[in-house]
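Quick note on this note's numbering: the sequence shown kicks off at 23 and runs consecutively.
All C-beta atoms, glycine included, are put in the ideal place defined by N, C-alpha and C.
Everything numeric in this text was worked out from a predicted model, so none of it was measured.
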Amino acid sequence: MSFLRKQESTENCKLKTENIFDERRKIMNVEMSSNIIANQGFPIALSILLIFRIDKFIQEIVVAQKDGYRQILENTKEIHHILFNP
Numbered sequence: 023m024s025f026l027r028k029q030e031s032t033e034n035c036k037l038k039t040e041n042i043f044d045e046r047r048k049i050m051n052v053e054m055s056s057n058i059i060a061n062q063g064f065p066i067a068l069s070i071l072l073i074f075r076i077d078k079f080i081q082e083i084v085v086a087q088k089d090g091y092r093q094i095l096e097n098t099k100e101i102h103h104i105l106f107n108p
């Protein structure tokens, strides 16, 4: 009888240790996946943010350039009108 109890207790210990290892594996998987997300997701998100900011900045430059061209054209027309239509 004592042999069976010892065998049962060793089996219970094995099951408990397997459960502990399974839990640790799950925790390690969660940690590994969170590390992957943190190490790769943050730079990707930051890159996307910077791309949108650069795009907005370039759009503002294009608008300012078009406005500058329009003003130069108007001034050129005025100068031409003043010089050649007295």
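For lysine 78, same chain residues with a beta-carbon under 7 Å away, outside a window of 5 residues either side, do not exist.
The C-alpha of glutamine 62 is placed about 16 Å away from the C-alpha of leucine 72. Asparagine 57 sits in a helix when the DSSP states are folded into three classes.
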